Every structure is written in C-alpha cells, then in structure tokens.
Ligand code: GRF
C-alpha cells in the first residue's frame, strides 16, 4: 500500500509514521512548513500545494499530486485545510486522519483549547477515516490522555501528540494490513 501524507505543520506525526517504517511515497503540504524538511531528510518527494479559497480546485490539485505517485492510502497528519469531495471520491474510505480530542467531542481546528476551556479532566486523540464532514468519519482508534493541573493548550497538546505518535502509526499499519 502506497501512502501519501498530507501535512501543514511541525510534521511530528509524519516523523513517527516514517520511524515506524510505513511505506510513505509522497508528502503534500499546503504551506511552507517543517514537514517538508522531514520528508526531505527521509528522501521522500514533497510538493507544496498552497491553500487557497477555491477549495474544489485546491482539492483537485492535491489529488493530482498524490496520483502522480500512485498513492493508494491518504494519511492526514496535521493537515489544516478542509478538503472537498474529489479526494473522498478518489480515495473512498482510504483517507485517514488523527484528531487531538476524543471525537465526537471537540471537532475542528481548536480542539485542545476548547477541551481545556470546557474543563474536561480527560482529553485524548482519535484516529478515524476522514469523510466530507470534518472530524466525523468512522473511528478506528482512540486513546484517553489526562488533563493535569496547570496544563496549557501547549502542554496538553504535547501530551496528546506523544500518544498520537504511537497510536497513529499502529492504526495505519492495521488499516493497510
Ligand atoms: C496533531 O496533534 C494532529 O492531531 C493535529 O495537529 C497536530 C499535528 O502535529 N490535527 P504535527 O504537525 O504532526 O507535529
């Protein structure tokens, strides 16, 4: 199974996926970010498809970039642009995502901040199949992470990421069989 990773940020999940030896053949980012360096260090081709207002055209370009590398499974690892229908048609049931909350709680881009603001005592992460509806697809794996006294969004997110770095590669491996 040829994996294409979509990223927008620090690329720590990409690093964990690579460290797990998963067959990543291409990385697509939607902005200049560290994930590109992570890909380069691993000798994996990466492409920047700058995010823009035209979500449909953006999605088509992402799908084309993945198709160039014969990608079979798409793994979103901190990808911060909402994708449109073409990717879910091209890769039906084969787009995965990790989200830093126990879905269906706290969907969206500010999950960790919102969990803290709500005063939850248990946060966590969810690996799921991504669908057109954001953060709503079938759940594949979930793990709880404690919220500790004095946590900031940053310290809590770091604790969640440590779990993601183990849970996401493991779940991807099971998914691709
Ligand atoms: C992860 O916590 C992911 O769940 C969220 O953004 C973070 C990405 O971190 N959507 P990184 O870019 O993999 O370091």
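Residue numbers (this note's numbering): 40 to 216.
Yeah, the Cβ is synthetic: ideal placement off N, Cα and C, and Gly gets one too.
Treat the numbers as computed from the prediction; the structure is a model and nothing was measured.
Going by C-alpha distance, which of the options is nearest residue i?
i           : options            : result
residue 133 : 177, 104, 100, 95  : 177
residue 161 : 186, 195, 106, 193 : 186
residue 51  : 214, 215, 196      : 196
residue 28  : 117, 109, 103, 93  : With the chain running from 40 to 216 in the structure shown, residue 28 is simply not present.
residue 104 : 128, 67, 95, 121   : 67
residue 173 : 143, 193, 202      : 143
residue 166 : 192, 204, 129, 148 : 204
residue 63  : 49, 46, 42         : 42
residue 213 : 159, 82, 56        : 56
residue 188 : 210, 97, 158, 69   : 158
residue 206 : 180, 124, 89       : 180
residue 121 : 145, 130, 95       : 95
residue 208 : 146, 85, 114       : 114
Can you find a heavy atom of ligand 1 that lies under 7 Å from the Cβ of residue i?
i           : result
residue 46  : yes
residue 139 : yes
residue 51  : yes
residue 121 : no
residue 183 : no
residue 162 : no
residue 200 : yes
residue 147 : no
residue 117 : yes
residue 167 : no
residue 99  : no
residue 192 : no
residue 74  : yes
For residue i, which residues does DSSP report across the bridge?
i           : result
residue 185 : 161
residue 86  : 67
- Item | Minimum length 3: unbroken beta strand (DSSP E) runs contained in the region 108-165 | 112-115, 134-138
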